[in-house]
Amino acid sequence: MHADRIDPQAKAALERQNRFSLPHSRRGLKLLRYVTRATMWAENRNPPQVGRTVDRTIPGPAGDLDARLYLPEADGPFPTIVFFHGGGYVLGSIATHDWLCRQLTRESGCAVLSIDYRLAPEHPFPAAVEDAYAAVEWAAANPSAIAGTGRLAVAGDSAGGALAAVAALMAAERDGPDIDHQALLYPSVGIKPDQPSMRKHAGIVLEAEDMEWFRECYYESDVHERNPYADPTNAGDVSGVAPATVVTAGFDPLRDGGKAYAEQLVRDGVATRYENYEAMVHGFMTMRDVDRTHDAIAAVAADLADSLGGA
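Using the numbering used here, read the sequence shown as starting at 1077 and increasing by one per residue.
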């Protein structure tokens, strides 16, 4: 089934957003990142309360990575969710996903470690993947530094959802670290131009030209694009990865790719809960005033808590 129209609250949220046309140049991108930082500073002034946040750095393969740890309002230690933000591998930051990470912390009872990985086009594939896996390895090896129990999950939205899925695949193929769950929120995986969701819904949040530019920024060659660590749908076998929650949105051009990966996980015997929010759009889980957003976050948080032994 498919909804006939976008949820009215989600549509209103889209109309309220001060959207800028994505500049397909490095100079324009630099300006957009600057404007986004200023916008996020204003929007994040009165955030949902958690027990505590800690801004820190963690070691990465090419230098330190900025990270923010969100701790619940309880006595630790806590299971840890390593979170990767979306933004087409080109945009996004800890700040753009601060609200979502706070909500996940509150709903799951788990700590969330949000990672600022290197962005393209300055740092094309595999830089973001290397940073993501290094962050998971560090979190697993240093539970005392993050008030952790040692139980670990990965999560992310859009491009960050792809990074979470790839980190889970790498952990399975490289014998660790142990990951108990992966939460993939409208992940940027398995995208094909001829998919119905691409044909019907490009232009709602994500323009076809913008998605192509993201692709050109991130991949330096077709060989990279076919790498399973660029897109886990390229993997021949994903049977060893962590149990998964996969969320898609009905009016999202990325919907069919996310659904296809959920089906691939199930075929390979991975315990998977897939849910498509029919009337939602790409990015809806960062929309603060949408009722279904809160429902979706609560459901994902419950999956994570069940797998990790959180609240």
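From the three backbone atoms N, C-alpha and C, an ideal C-beta is built for every residue, glycine too.
In this text the structure is predicted, and so the values were computed from the model without any measurement.
With residue i and residue j assumed to form a contact (beta carbons below 8 Å), what rounded beta-carbon distance in angstroms separates them?
i            : j            : result
residue 1352 : residue 1331 : 7 Å
residue 1245 : residue 1203 : That belief does not hold up - the Cβ atoms of residue 1245 and residue 1203 are roughly 17 Å apart, past 8 Å.
residue 1325 : residue 1360 : 6 Å
residue 1381 : residue 1184 : 5 Å
residue 1152 : residue 1263 : Actually they are not in contact, since the Cβ atoms of residue 1152 and residue 1263 sit about 29 Å apart, beyond 8 Å.
residue 1319 : residue 1257 : 5 Å
Can you tell me which of the options puts its alpha carbon nearest to the alpha carbon of residue i?
i            : options                   : result
residue 1175 : 1166, 1159 and 1165       : 1159
residue 1265 : 1257, 1250, 1275 and 1236 : 1236
residue 1321 : 1232, 1195 and 1221       : 1232
residue 1169 : 1179, 1194, 1180 and 1375 : 1194
residue 1129 : 1329, 1223, 1305 and 1280 : 1223
residue 1362 : 1163, 1100 and 1135       : 1163
residue 1289 : 1186, 1099, 1255 and 1260 : 1099
residue 1279 : 1083, 1379, 1262 and 1097 : 1097
residue 1057 : 1297, 1135, 1116 and 1267 : Shown here, the chain extends from 1077 to 1387; a query on residue 1057 therefore has no answer.
residue 1301 : 1201, 1325 and 1366       : 1201
residue 1385 : 1229, 1365 and 1297       : 1229
residue 1210 : 1221, 1262, 1140 and 1220 : 1140
residue 1029 : 1261, 1219 and 1198       : Lying before the first or after the last residue shown, residue 1029 is absent from the chain, which here runs from 1077 to 1387.
residue 1208 : 1225, 1171, 1253 and 1221 : 1253
residue 1234 : 1113, 1161 and 1118       : 1161
residue 1113 : 1303, 1221, 1135 and 1171 : 1171
residue 1105 : 1092, 1255 and 1198       : 1198
residue 1017 : 1340, 1221 and 1255       : Outside the displayed range of the chain (1077 to 1387) lies residue 1017, so it cannot be described from this structure.
residue 1117 : 1261, 1297, 1173 and 1091 : 1173
Using 10 angstroms around the beta-carbon of residue i, count the other beta-carbons present and answer buried if the total reaches 16, otherwise exposed.
i            : result
residue 1081 : exposed
residue 1372 : buried
residue 1077 : Here residue 1077 scores only 49 on pLDDT, less than 50, and its place in the model should not be relied on; the value that follows carries that caveat. With fewer than 16 other Cβ atoms within 10 Å, it is exposed.
residue 1137 : exposed
residue 1377 : buried
residue 1110 : exposed
residue 1144 : buried
residue 1269 : exposed
residue 1132 : exposed
residue 1299 : exposed
residue 1227 : buried
residue 1383 : buried
residue 1365 : exposed
residue 1092 : exposed
Which same chain residues, not among the five before or five after residue i, have their C-beta less than 7 Å away from its C-beta?
i            : result
residue 1126 : 1146, 1147, 1148, 1149, 1178, 1181 and 1182
residue 1379 : 1257, 1259, 1321 and 1349
residue 1225 : 1153, 1154, 1155 and 1219
residue 1142 : 1133, 1170 and 1192
Can you name, in chain order, every residue of its own chain whose Cβ lies under 6 Å from the Cβ of residue i, other than the five neighbours on each side?
i            : result
residue 1338 : 1322, 1348 and 1350
residue 1196 : 1165, 1166, 1293 and 1294
residue 1305 : 1205 and 1242
residue 1271 : 1332
residue 1307 : 1265
residue 1079 : 1326, 1354 and 1355
residue 1329 : 1273, 1274, 1277, 1278 and 1282
residue 1103 : none
For residue i, which residues from the same chain have a beta carbon less than 8 Å from its beta carbon, with the 5 sequence-adjacent residues on both sides left out?
i            : result
residue 1108 : 1096, 1098, 1099 and 1167
Counting Cβ pairs, one atom from each stretch, are 3 or more of them under 8 Å apart for the region 1239-1246 and the region 1214-1221?
no
Report yes or no: do the region 1141-1159 and the region 1265-1285 share at least 3 C-beta pairs separated by less than 8 Å?
no
Pairs of beta-carbons, one from the region 1083-1091 and one from the region 1271-1279, closer than 8 Å: are there three or more?
no
Just checking, does the region 1242-1251 make contact with the region 1189-1199 on the three C-beta pairs under 8 Å criterion?
no
With three or more beta-carbon pairs closer than 8 Å as the criterion, would you say the region 1104-1123 touches the region 1339-1351?
no
Quick check: the region 1341-1348 against the region 1305-1320, are at least 3 beta-carbon pairs closer than 8 Å?
In short, these stretches touch, since the Cβ pair count reaches three.
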